[in-house]
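Under our numbering, the first residue of the sequence shown carries the number 2, and numbering increases by one thereafter. Beta carbons are placed, not taken as given, at the ideal position from N, Cα and C, and that holds for glycine. Please read these numbers as outputs of a predicted model, since none were measured by experiment. Remarks on the structure that follows.
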Amino acid sequence: MNNLEAELEICLFEKQGRNIALTKYGQIFLQYVDNILNELENSKKKMKELASSSEGHVDIAYISPLAQVYIPTTVRSFLNLKENNNVTFSFKQGFTDEMIEGLKHDKYDVIFSSFVENEPDLTFVPIINQELFVIVPPNHPLSRFDNLDLKQIAPYPLVAYDKNSGLGKLSEQLLEKVLISPQRVCEAADEYAICALVEANFGVAIVADAPALKDAKVKKININNPSYSRKIYFVYKKNRYFPPAIHKFISYLKENSLIKD
Numbered sequence: 002m003n004n005l006e007a008e009l010e011i012c013l014f015e016k017q018g019r020n021i022a023l024t025k026y027g028q029i030f031l032q033y034v035d036n037i038l039n040e041l042e043n044s045k046k047k048m049k050e051l052a053s054s055s056e057g058h059v060d061i062a063y064i065s066p067l068a069q070v071y072i073p074t075t076v077r078s079f080l081n082l083k084e085n086n087n088v089t090f091s092f093k094q095g096f097t098d099e100m101i102e103g104l105k106h107d108k109y110d111v112i113f114s115s116f117v118e119n120e121p122d123l124t125f126v127p128i129i130n131q132e133l134f135v136i137v138p139p140n141h142p143l144s145r146f147d148n149l150d151l152k153q154i155a156p157y158p159l160v161a162y163d164k165n166s167g168l169g170k171l172s173e174q175l176l177e178k179v180l181i182s183p184q185r186v187c188e189a190a191d192e193y194a195i196c197a198l199v200e201a202n203f204g205v206a207i208v209a210d211a212p213a214l215k216d217a218k219v220k221k222i223n224i225n226n227p228s229y230s231r232k233i234y235f236v237y238k239k240n241r242y243f244p245p246a247i248h249k250f251i252s253y254l255k256e257n258s259l260i261k262d
């Protein structure tokens with residue numbers, strides 16, 4: 002007690018007859034000690050939950066084309082297994098580059114993204130083949146085509162993906178490949194926003210096949226040249242310790258999320 006008082010430079014205890022009692026400052030200090038002990042106990046319980054084979058938590062992030070169907074369906078199927086009923090998830094939608102950084106800094110446990118070169122500490126597992134299409138308003142001059150050469154969109158305003166997204170960079174590469182540079186009138190983050198802008202006659206767009214196209218009032222046109230599809234991957238860190246819940250989710254993805262043609 003004397004050592005503690007000397008370290009804090011304040012009197013915590015006082016004699017009351019034959020007994021020792023807390024001073025006013027000792028009572029204040031005790032409140033903090035109680036809080037620390039409670040937090041320590043809560044932390045121990047949380048660590049036991051995370052290490053449990055039947056509980057635990059998984060932080061995932063994903064690109065926008067997977068938000069409507071793939072992610073909810075996959076996670077729901079995983080949780081429907083009896084041994085996974087008590088696992089919890091956090092969900093975040095984002096762009097590939099920022100998700101890769103989040104994964105490397107342990108902000109996320111698993112991400113779903115495009116492939117990124119020169120990431121030797123990450124494992125990329127392909128899960129989906131995704132085609133690209135041109136979409137145009139129903140009354141557009143190109144709407145009479147079912148297939149086209151990408152060069153044919155050159156005269157028309159372009160609604161583009163956000164330039165920082167994986168699909169934004171990919172679309173730019175395809176345009177450079179056919180040596181055209183349409184006027185970009187606006188950018189959007191996902192297929193729902195792009196479809197809405199195309200419906201409103203802002204321009205044409207190159208988009209990944211996604212649920213947003215199903216009900217959109219646009220004409221979807223195959224790209225004959227250059228024909229292209231991209232793979233989407235689930236990604237996790239190599240040589241990282243994974244609690245049981247995360248390990249089980251990764252194993253589930255490997256067993257059930259095969260490439261879909």
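Here DSSP, grouped into helix, strand and coil, assigns I61 to strand. Following the DSSP letters along the chain, one finds Y253 inside the alpha helix (DSSP H) bounded by residues 245 to 257.
Within the same chain, Cβ atoms closer than 6 Å to the Cβ of A213 are found at E192, Y193, C196, the five residues on either side in sequence being excluded. Annotation for Y229: L133, L175 place their beta carbon closer than 7 Å to its own, counting only its chain and skipping 5 residues before and after. Put simply, of V126, V186, V219, Q32 the residue whose alpha carbon is nearest the alpha carbon of N140 is V219. With a contact defined as Cβ atoms closer than 8 Å, D147 and Y237 miss out at about 40 Å. Sixteen is the threshold: since fewer than 16 other Cβ atoms of the shown chains lie within 10 Å of the Cβ of V34, the residue is exposed. Apart from sequence neighbours up to five positions away, the residues of its chain that approach F116 with a beta-carbon distance below 7 Å are F125, K232, Y234, ordered along the chain. With respect to the C-alpha of G204, the residue from E188, K215, N130 having the closest C-alpha is E188. L168 is not a Cβ neighbour of A201, given a cutoff of 8 Å.
A residue is called buried when at least 16 other Cβ atoms come within 10 angstroms of its Cβ; F96 meets this threshold and is buried.
If you look at E200, you'll find it isn't in any beta strand (DSSP E); it sits in the alpha helix (DSSP H) that goes 192 to 200.
Spanning the alpha carbons of K239 and K255 requires a straight line of approximately 15 Å.
Of S252, L104, N257, P245, the smallest CA-CA separation from N87 is found for P245. In the structure shown, D150 adopts extended strand secondary structure according to DSSP, grouped into three states. For P73, the enclosing alpha helix (DSSP H) covers residues 71 to 81. In the same chain as V186, and ignoring 5 residues on each side of it, the C-beta atoms closer than 6 Å to its own belong to P158, F203, G204, in chain order.
If you look at I207, you'll find it in the beta strand (DSSP E) that goes 205 to 209.
Rounded to whole angstroms, the separation of the alpha carbons of K83 and T89 is 13 Å. DSSP lists S114, P127 as the beta-bridge partner residues of Y234.
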